[in-house]
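Colleague: The structure that follows is given in the form of C-alpha cells.
Protein chains: 2
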Amino acid sequence: MGRRNDHSREEIRELAILAAAKLVTEHGLAGLTARKVATAIGYTVGSLYLVFKNLDELILHVNVRNLDALYQAVTQAGAPHPEPIPRLLAFGRAYLQFGLEHTDAWRMIFEHRMQHGAERPPWFESQVNRLFGLLEAPIQTLLPQAEQATVVQAAHALWGGVHGICVLCLSDKLTVVKAISAQDLLENLMRHYLTGLQSEQRARVAAGD
Amino acid sequence: MGRRNDHSREEIRELAILAAAKLVTEHGLAGLTARKVATAIGYTVGSLYLVFKNLDELILHVNVRNLDALYQAVTQAGAPHPEPIPRLLAFGRAYLQFGLEHTDAWRMIFEHRMQHGAERPPWFESQVNRLFGLLEAPIQTLLPQAEQATVVQAAHALWGGVHGICVLCLSDKLTVVKAISAQDLLENLMRHYLTGLQSEQRARVAAGD
DNA sequence: ACCTGAACACCGTTCAAGT
DNA sequence: ACCTGAACACCGTTCAAGT
C-alpha cells in the first residue's frame with residue numbers, strides 16, 4: 028500500500044471536514060471519531076494525522092464553518108428590519124432557531140473544549156467576535172448618546188443573555204415548566220433589557236451627563 | 028478473590044461519588060473515568076457496575092450534590108438582602124462566583140448529557156427547578172400586581188440570561204474584549220432587565236390592566 | 001453473596017514499514 | 001512522498017469464575 032496521491036493535502040482536509048460535519052449532524056457529538064471520519068473519506072486513521080495535528084484541530088474547522096453559517100443566518104434574519112429593536116429581536120430569534128435546527132452543531136461550537144488547556148486559534152476567536160459584534164450597531168442607534176464602551180458592554184450582556192436562554196432550552200433545562208416557550212423567554216429578556224437600557228440612558232442624559 | 032464485605036452497597040456508592048467528585052475538581056471532566064474511580068476507592072471497575080447502572084448514573088449523583096452546593100451558596104448570598112433587587116443581584120453574583128470557583132463541577136452539571144438520549148431522573152430535575160424557583164419570590168415582590176405566570180416567566184428569562192453570561196465567561200468566549208468583567212456584564216444585564224420589567228409593569232397598571 | 005480479572009468492542013495518537 | 005497497518009495506552013461495560 029501507500030502512495031495513492033488521489034487527493035492533495037488540502038483536498039483530504041476538505042473531505043475530512045465535510046465528513047466530520049456530516050457525522051455530527053447525523054449521529055451527534057459522540058458519533059464523531061477519527062476512525063469514522065477516516066473510513067468515511069476512504070483513508071486510514073493515520074492519514075488524518077498527516078493533515079491535522081489532532082482531532083481538536085479538525086473539530087475547530089468544523090466549528091468555524093458552523094459558526095459562519097450561524098452568522099449568515101443571524102445577519103439575514105436581521106436585514107429586513109432597519110429599526111434597532113426589531114432587528115435585535117430578529118437576531119435573537121435566528122440565533123435560537125439555528126440552535127433548535129442544528130442542535131449538535133450548535134453545541135459543538137460552544138461546548139467543545141481544547142485538550143490540555145490549549146488555546147483556541149485567533150481565526151476561531153475572531154469569528155466569535157464577529158457574531159457578537161453584530162449587536163453593536165443597532166444598540167448604538169438605540170443609544171445615540173452612549174460611548175463606545177457602553178455599547179460594547181450592552182452588546183455582550185444582551186448576547187450573553189440570549190445565549191443562556193438558548194443553552195438552557197437546548198439542554199432541556201427550561202422545558203420543566205411547560206408552556207414556557209424559549210421564543211417567549213427570549214423576547215421577554217430582550218424587550219425588558221432594551222427598555223431598561225433606554226430608560227437608564229434617558230435618565231443619564233436628563234442628568235446632563 | 029471475591030467476597031470482602033468491607034463495605035455495604037450504600038457505602039460503596041458513597042465512596043464512589045466522593046471519589047468521582049474529587050477527580051473532577053482535581054483533574055477536570057476528562058479525569059473522571061470508571062477505572063480511576065474504582066482504583067481510588069480500592070475496588071475493581073466491575074464493582075462499580077454492581078452499584079451503579081453506568082457512568083451516567085454516577086455522574087448524575089455527583090451533579091446533584093454540586094447542584095445542592097450551588098443552591099446553598101446562592102441562597103446564603105441572597106439572605107442578607109431583604110430588598111428584591113439587591114437580593115437578585117446577590118443571587119446572580121453567587122451563581123457566577125460558584126462557576127468561577129468550581130468551574131469543572133459547574134460545567135459538568137450543565138453540559139453533561141445522558142447517553143442514548145436517556146432522560147434525567149426526576150430527583151435531578153427537581154433540584155434544577157428549586158434553583159430557578161429562588162428568583163420567583165423577589166420578582167413577585169418587585170411586581171406586586173403581576174400574575175404568577177408573569178413572575179415565573181420573568182424568573183426563567185432572567186436566570187437564563189445570568190446563566191448565559193456565566194457560560195460564556197467560563198468558556199473564555201467573553202474575555203476577548205478585554206476589560207470586560209463578567210461581574211459587570213451580569214450587573215448590567217440584571218439591572219437593565221429589572222428596570223425594564225418594572226417600567227413595563229407600571230405602564231400596564233397605569234393602563235388599568 | 002460479593003468481588004475479581006479478563007474479555008469485548010471501542011477510543012486517540014504514533015510511526016516503522018511498504019510502494 | 002504518501003499512505004498503511006499495527007501497535008500503544010487508554011476507554012465503558014459485561015460476566016464467568018473464584019472465594
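Protein sequences appear in the order of chains A and B.
Throughout the first sequence, residue numbering follows the working numbering, covering 28 to 236 in sequence.
Throughout the second sequence, residue numbering follows the working numbering, covering 28 to 236 in sequence.
Glycine is no exception: its CB is placed at the ideal position from the N, C-alpha and C atoms.
Which chain A residues sit within Cβ distance under 7 Å of Y220(B)?
Modeller: Chain A residues near Y220(B): L216, H219, Y220, G223.
Colleague: Helix, strand or coil, according to DSSP, for N32(B) in the structure here?
Modeller: In the structure shown, N32(B) sits in coil (DSSP, three-state: anything other than H, G, I, E or B).
Colleague: What residues in the region 136-156 of chain B bring their beta carbon closer than 7 Å to a beta carbon of chain A?
Modeller: Against chain A - using a Cβ distance shorter than 7 Å - the residues of the region 136-156 of chain B are F137, E138, E152, V155, N156.
Colleague: Find out if the Cβ-Cβ distance for the pair I112(B), L213(B) is shorter than 7 Å.
Modeller: Cβ distance not < 7 Å, so I112(B) and L213(B) don't count as in contact.
Colleague: Any idea what DSSP makes of D83(A), helix, strand or coil?
Modeller: DSSP places D83(A) in helix when its eight states are reduced to three.
Colleague: Does DSSP put P165(B) in a helix, a strand or coil?
Modeller: Reduced to three states, the DSSP call for P165(B) is helix.
Colleague: Taking the continuous alpha helix (DSSP H) assigned at H136(B), which residues delimit it?
Modeller: It is Ile, not His, that sits at residue 136(B) in the sequence shown. 130-138 is the span of the alpha helix (DSSP H), which, as asked, contains I136(B).
Colleague: Since H190(B) is in the alpha helix (DSSP H), which residue starts that stretch and which ends it?
Modeller: Note, H190(B): alpha helix (DSSP H), 175-197.
Colleague: Kindly indicate if chain B contains any beta-carbon less than 7 Å away from that of L115(A).
Modeller: L115(A) does not count as touching chain B.
Colleague: Looking at L94(B): is its Cβ nearer than 7 Å to the Cβ of I136(B)?
Modeller: Against a cut-off of 7 Å, the Cβ pair of I136(B) and L94(B) comes out as a contact.
Colleague: Please classify H88(A) as buried or exposed, where buried requires at least 16 neighbouring CB atoms within 10 angstroms.
Modeller: H88(A) should be labelled buried.
Colleague: Please list the partners that K200(A) has in chain B, where partner means a Cβ-to-Cβ separation under 7 Å.
Modeller: Within chain B, the residues near K200(A) are V155.
Colleague: Residues of chain B with CB under 7 Å from H190(A), in chain order?
Modeller: Within chain B, the residues near H190(A) are G191, V194, L195.
Colleague: Can you give me the start and stop residues for the alpha helix (DSSP H) that K200(B) sits inside?
Modeller: Where K200(B) is concerned, there is no enclosing alpha helix (DSSP H), given that its DSSP letter is neither H nor E.
Colleague: Please name the residue, chosen from Q172(B), R134(B), P107(B), that lies closest to A234(B) on a Cα-to-Cα basis.
Modeller: Considering only alpha carbons, the answer is Q172(B).
Colleague: For the 8 Å Cβ check, are there 3 or more pairs between the region 125-132 of chain B and the region 68-77 of chain B?
Modeller: No: fewer than three Cβ pairs fall under 8 Å.
Colleague: Between the Cα of L123(B) and those of A100(B), K200(B), P109(B), spot the shortest distance and give me the residue it belongs to.
Modeller: L123(B) has its Cα closest to that of A100(B), out of A100(B), K200(B), P109(B).
Colleague: Assign P149(A) to one of three DSSP states: helix, strand, or coil.
Modeller: Residue state, collapsed to three classes: helix.
Colleague: Could you name the residues of chain A that I207(B) contacts, counting a contact when the two beta carbons are closer than 8 Å?
Modeller: Chain A residues near I207(B): V179, Q180, H183.
Colleague: Can you round the beta-carbon distance between A184(A) and N215(B) to whole angstroms, since I take them to be within the 8 Å contact cut?
Modeller: Indeed they touch by this definition, with Cβ atoms about 4 Å apart.
Colleague: What is the residue span of the alpha helix (DSSP H) that M217(B) lies within?
Modeller: Where M217(B) is concerned, the enclosing alpha helix (DSSP H) stretches over 209-233.
Colleague: What in chain A is Cβ-close to L212(B), meaning under 8 Å?
Modeller: Correct list: Q180, H183, A184, G187.
Colleague: When the distance is taken between beta carbons, is G126(A) closer than 7 Å to F118(A)?
Modeller: No; because the gap between Cβ atoms is not below 7 Å, this pair is not in contact.
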